[in-house]
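For the sequence shown, numbering that gives the first Met the number 0 begins at 0 and goes up steadily by one. From the three backbone atoms N, C-alpha and C, an ideal C-beta is built for every residue, glycine too.
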Amino acid sequence: MQLPDPPWGRVVRVRGTERNRTEDRVTDPSDGSRDISEESPDCSDRTLLTDGSGDPDGDDDAGGDPGAGPDDGLGEGAEDEPETVTKDVSEFGPEEFRREAEEFAAAHGDKGFDFTVASLEALDDYALEQAGILGVLGEEADDRLFDEATAGFVLRFGSYFGEVLVREFDAEWGRDGEDVHVAVPAGEYTVELSPLEAALTALREAPRFADLAADLQDTVEDAEAGDLSLGGPASLHEEVRGEAEDLVEFWTEYDLDYSPDSLPELEILVDAAWENDRYEDAEYGGDREQDVAFTRVVRQVGSYFGEVLVRSLDADWVQDETTVVEVRGPDGATNVDVFGVAEDSLTGPSRFVEPYDAAREDVGIED
């Protein structure tokens with residue numbers, strides 16, 4: 000089974016020899032392709048904090064707040080530039096990040112930062128508010144002050160997010176060279192996420208702390224299920240169910256009700272809507288425009304066919320090297336390559352009833 004890498008992180012197999020990982024990166028949402036990591040302040044091993052007090056611990060006579068947000072000391076009437084406080088996090092361990100998170104939560108007790116996954120929605124809201132303030136600061140302040148405030152935002156929000164993952168997912172703070180991560184156990188895998196990178200992206204693009212935690216929960220469930228069957232991961236089944244629903248909702252003139260009796264109707268639809276030579280030069284999974292269009296149709300048609308098998312034969316979606324539907328019966332089990340069936344039907348005569356009946360016969364399912 001291959002687990003997908005989460006945003007701002009990687010999946011590492013901790014048993015066996017395979018290690019699947021991607022480098023942490025931030026992408027520009029305008030086209031999803033440009034790596035802007037080098038344009039962002041380096042928060043991997045050095046973070047600048049400005050709390051307006053000049054004291055790294057925020058407890059001198061100036062009354063600095065150790066958990067103050069990045070706008071503290073920069074509001075109305077704060078004409079003097081705050082003294083720079085540099086915190087080198089290259090030696091930070093779990094205790095240091097935990098302390099940053101707890102000080103941040105204590106300083107904002109009215110926000111409901113109680114280190115639960117539910118509190119991440121409030122963290123998203125507060126991050127959006129603070130990012131707006133930093134946006135104004137970026138227009139009015141010099142670059143050094145803006146970078147200091149930005150780094151303070153990243154450390155505080157990233158530490159809190161990471162500590163929520165530690166407490167809610169039985170995770171651990173870790174480090175791979177200069178890269179700080181939180182390692183979340185997930186079956187035979189460890190999912191490593193970069194809380195500081197997630198916080199930086201929350202500032203530069205949009206906060207997604209709650210969504211990241213939800214995606215992480217799906218990933219953990221997928222791994223612990225042991226395979227990608229309907230009884231395990233919600234993520235795969237949600238994806239193919241959505242593809243099937245797109246087909247049904249668009250072609251409302253056809254009686255597509257997920258029953259075996261609807262398969263002749265599916266054959267009529269495919270033959271009528273897509274001529275056999277329409278995609279003769281298209282490649283499933285390719286990146287040309289015609290490839291993308293062909294792949295989308297194959298996914299929708301194959302997902303519908305697969306859902307008919309799943310719902311009528313108590314079958315399961317299973318993913319290993321490819322995604323198939325496993326049909327079980329008295330005589331054993333067989334895997335149906337539903338997307339292969341869809342591809343063949345779109346480039347030749349459509350056949351869905353025949354492979355459905357063949358699967359039943361192979362495993363000994365009788366009427």
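Residue i versus residue j - alpha carbon distance
| i | j | result |
| --- | --- | --- |
| residue 330 | residue 362 | 5 angstroms |
| residue 274 | residue 263 | 17 angstroms |
| residue 108 | residue 146 | 26 angstroms |
| residue 241 | residue 187 | 28 angstroms |
| residue 268 | residue 223 | 39 angstroms |
| residue 213 | residue 360 | 40 angstroms |
| residue 310 | residue 250 | 20 angstroms |
| residue 170 | residue 93 | 11 angstroms |
| residue 134 | residue 207 | 18 angstroms |
| residue 357 | residue 348 | 17 angstroms |
| residue 124 | residue 111 | 12 angstroms |
| residue 180 | residue 113 | 21 angstroms |
| residue 237 | residue 197 | 25 angstroms |
| residue 91 | residue 182 | 15 angstroms |
| residue 350 | residue 217 | 34 angstroms |
| residue 365 | residue 290 | 39 angstroms |
| residue 96 | residue 221 | 29 angstroms |
Residue interval of the beta strand (DSSP E) (run including residue i)
| i | result |
| --- | --- |
| residue 174 | 171 to 175 |
| residue 286 | Taken as a continuous stretch (DSSP letters only), residue 286 belongs to no beta strand (DSSP E), as it is neither H nor E. |
| residue 190 | 188 to 192 |
Beta carbon of residue i nearer than 9 angstroms to that of residue j
| i | j | result |
| --- | --- | --- |
| residue 195 | residue 151 | no |
| residue 219 | residue 303 | no |
| residue 119 | residue 190 | no |
| residue 99 | residue 154 | yes |
| residue 340 | residue 301 | yes |
| residue 127 | residue 161 | no |
Helix, strand or coil at residue i according to DSSP, with G and I counted as helix
| i | result |
| --- | --- |
| residue 322 | strand |
| residue 331 | strand |
| residue 255 | coil |
| residue 365 | coil |
Residue from the options with nearest C-alpha to residue i
| i | options | result |
| --- | --- | --- |
| residue 258 | 341, 177, 306, 348 | 306 |
| residue 202 | 177, 131, 270 | 131 |
| residue 372 | 317, 344, 338 | The structure shown has nothing for residue 372, since the chain only spans 0 to 366. |
| residue 104 | 89, 159, 135 | 159 |
| residue 308 | 338, 281, 148 | 338 |
| residue 165 | 210, 295, 116 | 116 |
| residue 313 | 321, 323, 328 | 328 |
| residue 149 | 199, 97, 95, 336 | 199 |
| residue 324 | 239, 254, 121 | 239 |
| residue 449 | 121, 282, 286, 243 | Nothing can be reported for residue 449: it is not among the residues displayed for the chain, which extend from 0 to 366. |
Delimiting residues of the alpha helix (DSSP H) encompassing residue i
| i | result |
| --- | --- |
| residue 185 | First-last for residue 185: 178 to 185, but that is the beta strand (DSSP E), not the alpha helix (DSSP H). |
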